[in-house]
Each structure stands twice: as structure tokens, then as C-alpha cells.
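Participant:
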Amino acid sequence: MEANQCPLVVEPSYPDLVINVGEVTLGEENRKKLQKIQRDQEKERVMRAACALLNSGGGVIRMAKKVEHPVEMGLDLEQSLRELIQSSDLQAFFETKQQGRCFYIFVKSWGSGPFPEDRSVKP
Numbered sequence: 202m203e204a205n206q207c208p209l210v211v212e213p214s215y216p217d218l219v220i221n222v223g224e225v226t227l228g229e230e231n232r233k234k235l236q237k238i239q240r241d242q243e244k245e246r247v248m249r250a251a252c253a254l255l256n257s258g259g260g261v262i263r264m265a266k267k268v269e270h271p272v273e274m275g276l277d278l279e280q281s282l283r284e285l286i287q288s289s290d291l292q293a294f295f296e297t298k299q300q301g302r303c304f305y306i307f308v309k310s311w312g313s314g315p316f317p318e319d320r321s322v323k324p
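Numbering (the working numbering), first residue to last: 202 to 324.
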């Protein structure tokens with residue numbers, strides 16, 4: 202593992218599976234200011250956690266943000282999540298919540314998505 206790459210941490214003290222991806226820069230303008238490699242590393246951590254939760258019954262991605270005020274996720278992160286689920290409807294699988302310096306993405310499993318009657322069909 203590279204020295205500057207933050208590992209994903211599963212937090213077992215919650216009723217839902219929670220994956221802590223560490224600090225992530227949020228907000229479109231803030232993400233544009235990042236160097237490409239840092240932006241890609243942060244995005245990769247979030248996508249790995251989202252993929253794991255989609256495939257394991259759902260859960261929560263927890264990330265630390267640098268600012269306490271509410272901020273949007275960032276277009277590159279939203280687009281990557283859309284590509285992951287192959288749908289433009291993020292709310293079909295993801296909901297977000299901000300609390301203090303934490304940003305949460307609640308992830309539904311594939312089985313709870315738009316095709317619940319046929320769990321073998323994935324978007």
C-alpha cells in the first residue's frame with residue numbers, strides 16, 4: 202500500500218456496516234483545487250467502499266470533511282457513483298447526510314434497488 206493512501210476502516214460499533222474512508226475533500230470548487238492524484242485517491246477510496254457496501258447488503262460510508270458547514274459532495278464523486286450503479290438516479294442507491302465535520306453516504310444494497318422482484322438483475 203502506498204504511504205499516502207489511507208486504508209478503509211470498518212467500524213464494528215454500529216448496527217449497520219460502516220466503512221470509514223478518512224478525510225475527503227468535498228465541494229466542487231474545493232475538489233477542483235486538488236492535485237489530480239489526490240482527487241483520484243480520495244475518489245478511489247469512496248468508490249471502493251461504495252462497491253463493497255452495494256455488494257454486501259448496504260451500509261454507511263463515513264468520511265471526515267475539512268469544514269463544518271454543509272457542502273455538496275462534488276461532481277466527480279457523484280458521477281463516479283452514477284457510473285458504479287449505471288444509473289443517473291443516485292437516490293436509488295445513495296442518500297447523504299452531514300453532521301458537523303462528518304459526511305455520510307447511506308448505501309442501499311443491489312437487492313433493494315429498482316428491481317427488487319428480481320434480485321439477479323443489477324442496474
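Glycine included, C-beta positions come from ideal geometry on N, C-alpha and C.
(1) Let me know if Arg-302 comes out buried or exposed under the rule of 16 or more other beta-carbons within 10 Å of its beta-carbon.
(2) Ile-306: buried (16+ other C-beta within 10 angstroms of its C-beta) or exposed?
(3) Relative to the ligand PLP, is the shortest distance from any of its heavy atoms to the C-beta of Lys-237 smaller than 7 Å?
(4) Grouping DSSP H, G and I as helix and E and B as strand, with all else coil, what is Lys-244?
(5) Can you say whether Leu-278 is buried or exposed, counting buried as having 16 or more other CB atoms within 10 angstroms of its CB?
(6) Give the straight-line distance between the Cα atoms of Glu-296 and Lys-234, rounded to the nearest whole angstrom.
Facilitator: Taking the geometry as given:
(1) Using a 10 angstroms sphere on the CB of Arg-302, the tally of other CB atoms stays under 16, which defines it as exposed.
(2) Ile-306 comes out buried.
(3) Looking at this structure, you won't find the ligand PLP or any other ligand, since it has none at all.
(4) In the structure shown, Lys-244 sits in a helix (DSSP, three-state: H, G or I).
(5) Label assigned to Leu-278: buried.
(6) Using only the alpha carbons, I get a separation of about 25 Å.
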